[in-house]
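Here the structure is laid out as structure tokens; the discussion comes afterwards.
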Amino acid sequence: MLNIDTDKEALMLFKSSVSLAQSSSPYNWTGVVCNNNKPGQRVVGLHLSGFGLYGSISPHISNLSFLQSLELQNNFFTGPIPDEIGNLSRLRLLNTSFNLIHGLLPPKISQLSSLETLDLMSNRITGKVPEQLGHHLTKLEVLKLGRNNFYGEIPKSLANLSALTTLNLGTNSFSGAIPSTLGRLRKLTELDITINNLTGPVPPSIYNLTSLVRLAVASNQLSGEIPYDVGHKLPKLLIFIFCFNRFTGKIPGSLHNLTNIQQIRTAHNFLGGTVPPGLGNLPFLRMYNIGFNNIVSSGHNGLSFLSSLINSTKLTYLAIDCNLLEGVIPDSIGNLSKVILKLYMGGNRIFGEIPTSVGRLRSLTLLNLSSNSLSGEIPPQIGELQELQMLGLGKNRLSGVIPNALGNLRKLNDVDLSGNFLFGYIPSSFRDFENLLSMDLSNNRLNGSIPEEFLLNLASLSTVLNLSNNYLRGLLPKEIGVLENVVTIDLSNNLLSGDVPISIKNCKSLEALFMAYNRFSGPIPITLGQMKGLEVLDLSSNQLSGSIPDELQNLKALKYLNLSFNNLEGVIPVGGVFENTTGVHLEGNNKLCLYLGCQNIGNARRRMVKVFIIAAISSTLALSLAVGLMLLYLWKSKAKVTQAFDRPPKEKHQMVSYEELRRTTGNFSMDNLIGNGSFGSVYKGYLRVQDIAIAVKVLKNGSWKSFAAECEALRNVRHRNLVRLVTSCSSIDFKNHDFLALVYEYLSNGSLEDWIRGKRRKVDGRALNIVERLNVAIDVACALDYLHHDCAVPVVHCDIKPSNILLDEDMTAKVGNFGLARLLMMEKRDTQTSISSTHVLKGSIGYIPPEYGLGEKPSIAGDAYSFGVMLLELFTGKSPADERFTEELNLSQWVKSSFPKKLGEIIDCELLKLGDDLYYQGHYVSRNLQYDCLTTVIEIGLSCNINSPNGRLNMRNALHNLKSAKQSLLKHTALGT
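The sequence shown: position 863 = 863 (full-length UniProt numbering), numbered continuously.
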């Protein structure tokens, strides 16, 4: 017979595996609740929340037959939930959340017919949710299974839990569609299914749950459109979380009519259109996140909707980043909520100056305006944002000096001012930073020295110090050794000189050190051999002398070592990283050798001798052969002109002077700046002698190899789809520095990247249609086909990507930027190999074929791979550098996963917007024809992206297939036929 004694015995058994204070009577024990007011006392509640208990839940708990409430949350219980718990027929509340419980959810829980709350959140429970759960727990009001390891489909039987008010299944591995039957849960106020693998649309029935207060479906693979009237159907909605999915359509305007709403989050989808009106109606709004979509605005007042948010006095989080928003930041930005903490506006087309009123947002902890077209100076008022922890102003057109006032931001963790036109010294006030973890001042025009006190106060740096691509000069202070915790230091492409300080050994956490393209001299410090975590070391293109320290062999983590183009001499080590010939670069050091007379040289050293002798001989032969082949080609060209030539070769131009280029570009004025590239800046000008508009590519210091490669590749090639090299300049500037420039024809419609990213549009505001994109693809394929198959000396471009494809006034695409190009020579077996003897990885991340990473030399198959990536990018609108792509998932794999059945989900939404209404030069192109053509084009891209070089479609076949696709698209579609 069960009574208070059996309850005591059950509690003792339960206690045997946990720590629990006790007294003589069980109803006085801590956490034990008895029905004291009734005859025959029994235990009715165990309230042990947050007691720090560990062990397993004893099956003997089932003997507490009067138990109504079991609260074990916030402990360290392990093991499974015992089946016997299903015997507690009076149980109304079961809460084991925030423990370490694992195993399956026992089906016998469905026997708890009196249960009103079941909370198993934040455990390690796995398996499928038993169907029985939805058939018997008719009184259940709260079901929380989130943050576990459940998988399979969401049981449709949950729709039978008619009393349910809260359903939380978030952060599991549920798959399949959202059951439409959940629309029967008319009392539901909270539905959370975030962070699962759910697919398909949100069933319309969900939008009929008029009691919903919180609707969260983020981080799945859901698709379809969000109904415009969702705000009318769900009038009580306070929390709306639809981010990280694949939703299309527009932001539902009715959400802005929900005057009590607190969160609207639709980021990371494919939503288009404009920001709907009505933002001024949301006084309780706390979070508004529409970032990473295709939301558009245009004109000077394109951001005027921000002014409406000044009524949202509780707003703490605002994100409109990575859209297609254009306009000037309104001065009213300073009138936003006084409690706003984070403001994301980067990755748009915002222009004009940063308003000084931003300094009034005193609560800001994050301000990100990166990757826009902002100009003018950085307002000193930003220094008034005392709570700021992250400041992102990188990749804009900001000029002037860096304000000293930024040094007032004592709480700053991360500052990014890279990719602007900032000049002057590094502010002395930067020494006042106390909590800085990352600093990026790269790609500016900063000059002067690196202050000692600046480094002394950056001891907190733990991620990146990037000062590369500036004009910093002088010695590198020994105080660099203070940065003990920093992972990456990049000082490359400056004018730093003197010895590499031995104190750099104190940077014990350093994994990557870039110091290339400076004027460092003296020996390589032996102390570098003490940096055990170093993985990348680049000291190339300096004036270092002496021998290579043997100690570098001891760096077990070192995978990449570049010491090329210095004045090193002596014996080359053979151990450690030096055993990997693809990871070590020593070219340009003519005095390096391996001492053959040494009696103890060993087999490994002899092998290295052989490699370097062969490399030296090959380099010399290759150079001779290149010259010979080019001379042969010139001789042959007198007899006939290749049909692919746009025009007969003109008389060779004389090299233009530095002074003339300076004049024609307005002293290289920012007003004439077209853009920046990896090798330099490009300016617009007008060459009076030739009476043509030109684009002047000014190469950075140390870019001789790029200059020579581009001149060699373009000197004797002519094709309508290649950017024409007009002339070049190799001179000295007014600072007595080397000056290298390449002068091209000016192409007025910018780069293909600008069109893909939406930075350029047609006069009517539209993006490129399918035919126009197909024309671009054919033009690029024509150029590559010519380079690979019709040149006397085949050329491999090595860097095909949208930013290197330019469009003229007629939208004809031309391939440019041959800074990495390689001439090919024929071997006996009719295979082609690069004349270059270097193994440096050629190309841009995301476009580089996989074999290049394994040390293979550039090839025409490599160009085909890059073309395939470019083709997929052109028609999907997705960059291979998109943050969704990782080492495990690239653009090609992402396309392949949805092709061909879900073609509409991967095609650029700008392309899909054009729909059936496509009229092109007298042709009407139906939607079906467009989809057939898109299928063919994507197949071509994937065929070029095959991992094996031998299995790829070559450019001649790719060109033929693209032309056929265009012919099929326009065939029999002329209007009136």
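C-beta: ideal position from N, C-alpha, C; glycine also.
This structure is a prediction, so every number in the text was calculated from the model and none was measured.
Residue range of the unbroken beta strand (DSSP E) whose run includes residue i
{"i": "N562", "result": "560-562"}
{"i": "Q543", "result": "543-546"}
{"i": "S307", "result": "No beta strand (DSSP E) contains S307, which is instead part of the alpha helix (DSSP H) from 305-308."}
{"i": "C933", "result": "That residue, C933, is in no beta strand (DSSP E); its alpha helix (DSSP H) goes 927-944."}
{"i": "M670", "result": "It is not in any beta strand (DSSP E) - M670 carries neither H nor E in the DSSP assignment."}
{"i": "L221", "result": "First, the residue type needs correcting, since residue 221 is Gln and not Leu in the sequence shown. Start and end: 221-225."}
{"i": "A512", "result": "512-514"}
{"i": "I329", "result": "Looking at the DSSP string, I329 is not in any beta strand (DSSP E), and its letter there is neither H nor E."}
Separation of residue j from residue i, as counted between CA atoms
{"i": "F282", "j": "T313", "result": "Going by the sequence as given, residue 282 is Leu instead of Phe. Looking at the two C-alpha atoms, the distance is approximately 9 Å."}
{"i": "S468", "j": "S492", "result": "5 Å"}
{"i": "L93", "j": "R214", "result": "23 Å"}
{"i": "L539", "j": "V486", "result": "18 Å"}
{"i": "G376", "j": "I354", "result": "8 Å"}
{"i": "V275", "j": "C798", "result": "41 Å"}
{"i": "K139", "j": "I193", "result": "22 Å"}
{"i": "A958", "j": "A741", "result": "34 Å"}
{"i": "Y471", "j": "E484", "result": "25 Å"}
{"i": "G334", "j": "D83", "result": "60 Å"}
{"i": "Y27", "j": "R246", "result": "The predicted position of Y27 is uncertain, since its pLDDT is 41 and thus under 50; a value taken from the coordinates is nonetheless stated next. If I take the Cα positions, the gap works out to 55 Å."}
{"i": "L752", "j": "V296", "result": "19 Å"}
{"i": "R662", "j": "E387", "result": "44 Å"}
{"i": "V584", "j": "G855", "result": "11 Å"}
{"i": "V726", "j": "V743", "result": "5 Å"}
{"i": "P379", "j": "L537", "result": "37 Å"}
{"i": "I601", "j": "I572", "result": "Note that I601 has pLDDT 34, beneath the 50 cutoff, so the model's placement of it is unreliable and the number below is only indicative. Rounded to whole angstroms, I601 to I572 spans 12 Å at the Cα level."}
{"i": "E905", "j": "E225", "result": "12 Å"}
{"i": "P900", "j": "L367", "result": "41 Å"}
{"i": "T171", "j": "N289", "result": "21 Å"}
{"i": "K971", "j": "K963", "result": "12 Å"}
{"i": "C782", "j": "M870", "result": "14 Å"}
{"i": "I73", "j": "L161", "result": "Ile is not the amino acid found at residue 73; the sequence shown has Gln there. Cα to Cα, the separation comes out at about 24 Å."}
{"i": "Q263", "j": "S114", "result": "35 Å"}
Residues that DSSP places opposite residue i in a beta bridge
{"i": "Q287", "result": "Looking at the sequence shown, residue 287 is not Gln but Met. According to DSSP, which records beta bridges pairwise, M287 is partnered with Q263, Y317."}
{"i": "H585", "result": "N562"}
{"i": "L366", "result": "K342, M390"}
{"i": "T78", "result": "S56"}
{"i": "Y471", "result": "N447"}
{"i": "C34", "result": "V43"}
{"i": "Y744", "result": "A695, L725"}
{"i": "residue 989", "result": "Here the chain has residues from 1 to 977 only, and residue 989 is not among them."}
{"i": "E84", "result": "The partner list for E84 (beta bridge, DSSP) is empty, contrary to what the question assumes."}
{"i": "K591", "result": "E569"}
{"i": "K684", "result": "A695"}
{"i": "F66", "result": "Bridge partners of F66: none, in fact."}
{"i": "I805", "result": "V815"}
Check: residue i C-beta below 7 Å from any heavy atom of the ligand HEM
{"i": "I572", "result": "Absence of the ligand HEM from the depicted structure is noted, as is the absence of any ligand whatsoever, leaving it without description."}
Residue interval of the alpha helix (DSSP H) (run including residue i)
{"i": "H135", "result": "133-136"}
{"i": "G904", "result": "903-906"}
{"i": "Y658", "result": "658-664"}
{"i": "A557", "result": "Taken as a continuous stretch (DSSP letters only), A557 belongs to no alpha helix (DSSP H), as it is neither H nor E."}
{"i": "V771", "result": "770-785"}
{"i": "S964", "result": "955-970"}
{"i": "E535", "result": "Where E535 is concerned, there is no enclosing alpha helix (DSSP H), given that its DSSP letter is neither H nor E."}
{"i": "G231", "result": "230-233"}
Practice task
Please list the segments of the alpha helix (DSSP H) lying wholly inside the segment 103-157, counting only runs of 4 or more residues, in order along the chain.
Solution key: 133-136
Handout entry: Three or more C-beta pairs below 8 Å linking the segment 536-551 and the segment 510-522
Key = yes
Handout entry: the segment 392-402 in contact with the segment 411-421 per 3-pair CB rule at 8 Å
Key = With the cut-off at 8 Å, the segment 392-402 and the segment 411-421 touch.
Problem - Cβ pair count under 8 Å reaching 3, the segment 938-953 against the segment 857-864 - result: Yes, the segment 938-953 is in contact with the segment 857-864.
Problem - Touching by the beta-carbon criterion (3+ pairs, under 8 Å), the segment 800-808 and the segment 942-949 - result: no
Practice task
Would you check if the segment 245-263 and the segment 223-236 touch, i.e. whether three or more CB-CB distances between them fall below 8 Å?
Solution key: yes
Handout entry: Completely contained alpha helix (DSSP H) runs for the segment 850-902, where each covers 4 or more residues
Key = 860-876, 891-898
Handout entry: Inter-stretch contact at 8 Å, needing at least 3 Cβ pairs: the segment 99-106 / the segment 67-80
Key = yes
Practice task
Could you tell me whether the segment 325-339 touches the segment 350-365, using the rule of 3 or more Cβ pairs below 8 Å?
Solution key: yes
Handout entry: Within the segment 155-185, ranges of the beta strand (DSSP E) (whole runs, at least 3 residues)
Key = 166-168, 173-176
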